[in-house]
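Sequential numbering of the sequence shown, starting at 65, is according to the numbering used here.
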Amino acid sequence: MTLSAQFVATNGVQAEAWSRRALPPVDRVRDGVWAVPVPLDLPIRFTYAYLIDSPGGPLLIDPGVAGPTAQAALEKGFAEAGLDLRGLQGIVVTHYHFDHWEGADELAARTGAWIAIGEHEQGWVDGLRDEELTPEAAAARFRAHGAPEAHAVAFAGVEDYRFTRDRAAPAHRLRDGEILPVSGERLRVLWTPGHSPGHICLYDERRELLFSGDHVLPRITPHVALNPFGGDDPLGQYLDSLEALLPYAHAEVLPAHEYRFRGLRARIGQLKAGIADRLDEVAAATAADPDASAWDVARRLTWSRPFESFETPSQRMALVESAAHLAHLRARA
Ligand SMILES: [Zn+2]
């Protein structure tokens, strides 16, 4: 194995901050590229907003959450980079999850910047229908996964896609393989569905940097759920999307959380091996019970702590993740 094929954190300060559970400093990745940690009230603690000093004005990839704390973090990032936030040209969002997208609207309103997102992600949002987004409809979906009534109602209470539907429509819907329409840059759009239906990564051809969003992170295995109104086999899509990144294995990876790294091929190998182990566990859990529901499977799998002890949001995530594994096994059978 050559050195470049090994997994290695490329910024010790970021990796060390991650292990201390601290917020890392603004990081100058290259000439003209900065990683700005935007605080987040979740165990992952922050999202990296990537700032690119482009000839037509700065670009931001994933602005993070909304609100004054996040805005102050972005302002600090711009100041350290010596750039003017008011000149912001455009915002690219890798996927609709609130910790990546939420700040985009207010930032665009404040600066006049355009917003761009993958065409499949926006297509998913456009497909959301009022009648399917009621708590009653959501509870029915959780009952169909086998959740008992009280749990189905509780899960419906923490799942609200109306928030996603009501975001401002993006100016650009990015197609797989296209070059972002920004002069002076060579940023290629890569559709990488799985973690969300229309997740995109961006490959910076000039600097050989891969902005990987939540698709590939150095430590965490991204959550892959059976999303309502999404594809039937998101885990299959996720595995295919990992393969699709292998042509970029030489790149340094700039993820939306944790820390930057090299060794994408090795990391993809780890992720695939972990998923294969999990699928084996799901297959074992259903071997004696071919009609097991996702709820049955979730209760039988090993989690970081007992499934029954999870709070409602974590239990919902464990359920829809189990559903995605079950759907993949059944799609492959
Ligand atoms: Zn996400």
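From the three backbone atoms N, C-alpha and C, an ideal C-beta is built for every residue, glycine too.
Residue i vs residue j beta-carbon contact at 8 angstroms
i, j, result
"Glu195", "Ala203", "no"
"Ala69", "Trp98", "no"
"Leu147", "Pro122", "yes"
"Arg324", "Phe71", "no"
"Asp163", "Leu106", "yes"
"Val102", "Ala86", "no"
"Gly262", "His159", "yes"
"Ala308", "Leu254", "yes"
"Pro298", "Leu290", "yes"
"Ala387", "His209", "yes"
"Ala130", "Gly154", "no"
"Val90", "Gly141", "yes"
"Leu251", "Asp224", "no"
"Ala81", "Pro282", "no"
With 16 other Cβ atoms within 10 Å as the buried cut-off, status of residue i
i, result
"Val77", "exposed"
"Phe227", "exposed"
"His321", "buried"
"Thr175", "buried"
"Arg380", "buried"
"Ile243", "exposed"
"Ala356", "buried"
"Asp296", "exposed"
"Arg239", "exposed"
"Ser368", "exposed"
"Thr256", "buried"
"Asp353", "exposed"
"Gly277", "buried"
"Ser260", "buried"
"Gly294", "buried"
"Asp126", "buried"
"Arg193", "exposed"
"Gly182", "buried"
"Gly248", "exposed"
"Ala220", "buried"
"Ser83", "exposed"
"Gly241", "exposed"
"Ala349", "buried"
Span separating the alpha-carbon of residue i from that of residue j
i, j, result
"Leu318", "Pro212", "41 angstroms"
"Leu266", "Arg109", "23 angstroms"
"His184", "Trp165", "15 angstroms"
"Val384", "Val361", "11 angstroms"
"Pro234", "Leu124", "14 angstroms"
"Ala172", "Gly151", "11 angstroms"
"Met65", "Ile116", "Residue placement at Met65 is poorly supported in this model, since its pLDDT is 48, which falls under 50; the coordinates still yield a value, given next. Approximately 33 angstroms, taken between the alpha carbons."
"Glu372", "Arg396", "29 angstroms"
"Glu375", "Ala143", "39 angstroms"
"Asp304", "Leu310", "11 angstroms"
"Arg231", "Asp169", "7 angstroms"
"Ala180", "Arg363", "39 angstroms"
"Ile339", "Ala137", "35 angstroms"
"Ala79", "Trp359", "36 angstroms"
"Leu335", "Gly300", "13 angstroms"
"Leu273", "Ala313", "10 angstroms"
beta-carbon residue i near ligand 2 non-hydrogen atom, thresh 7 angstroms
i, result
"Ile116", "What this structure holds is ligand 1, not ligand 2."
Limits of the beta strand (DSSP E) - the one that residue i falls within
i, result
"Asp91", "Asp91 to Arg94"
"Phe275", "Leu273 to Gly277"
"Val97", "Val97 to Pro103"
Run of the alpha helix (DSSP H) containing residue i, from where it starts to where it stops
i, result
"Asp341", "Leu328 to Thr350"
"Asp360", "Ala358 to Arg364"
"Phe162", "Phe162 to Trp165"
"Trp367", "It is not in any alpha helix (DSSP H) - Trp367 carries neither H nor E in the DSSP assignment."
"His389", "Thr376 to Arg396"
Closer than 5 angstroms is what we want: which residues have a beta carbon that near any heavy atom of ligand 1? List them in chain order.
His161 and Asp278
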